[in-house]
Amino acid sequence: KINQIANGRTAGHEGRMVNKTQWENSENHHYIMHQTGTRAIRTTRKSINDWVGKEVCSEKNTIVNVTERGNGASTAHFVALWDHIRNGAIKSNENILFAVQSSGINLGAALYTLDDLPMRVMNWSRMEEHEKTKKAVQR
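Sequential numbering of the sequence shown, starting at 471, is according to my numbering.
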């Protein structure tokens with residue numbers, strides 16, 4: 471029962487945040503929820519859409535990496551962000567709505583527009599791969 475109440479409150483809180491932005495009409499936004507499980511993420515996504523009255527959280531823009539990474543607790547949002555920057559799904563100047571739901575039923579949201587972090591991460595990743603290749607060739 472407490473989970474149903476928390477899910478409803480999360481949907482309302484996230485829905486109000488979405489309504490304050492112009493992101494629902496934008497192709498360059500993403501939703502990163504607490505990565506507790508795919509069913510929980512789907513349920514929250516549907517609840518937010520129901521609250522807003524249209525689909526703003528889709529399979530395409532909702533980040534899910536719990537199947538690859540598991541429930542990373544408080545680091546889940548940042549691991550999801552890191553993974554999806556590295557796989558090219560999230561780019562500089564794109565928008566993120568972090569939905570926070572955690573044990574103890576703490577709820578919250580954070581809106582963030584990325585600066586050049588994705589570009590810096592990708593540059594670092596390419597340099598890291600170059601160094602690995604260089605070391606392998608030197609052997």
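Even for Gly, the Cβ is constructed at its ideal location relative to N, Cα and C.
Item	Value
Separation of Glu598 from Arg486, as counted between CA atoms	41 Å
Three-state class that DSSP yields for Val570 in the structure shown	strand
Complete runs of the alpha helix (DSSP H) confined to the region 497–546 [at least 4 residues]	508–522 and 536–539
Neighbourhood of Glu525 by C-beta distance below 6 Å, restricted to the same chain and skipping five residues each side	Asn519
Reference Gly540; option with closest CA among Asp586, Lys516, Ala580 and Thr508	Thr508
Buried/exposed call for Gln608, threshold 16 Cβ in 10 Å	exposed
Assigned exposure category for Arg590 - 16 Cβ within 10 Å defines buried	exposed
Rounded C-alpha distance that separates Thr513 from Ala481	10 Å
Same chain, Cβ closer than 8 Å to Leu584, five either side skipped, listed in chain order	Ile560, Lys561, Ser562, Asn563, Glu564, Asn565 and Ile566
Sequence-distant residues of its chain with Cβ nearer than 7 Å to Asn531 (five each side left out)	His499, His500 and Tyr501
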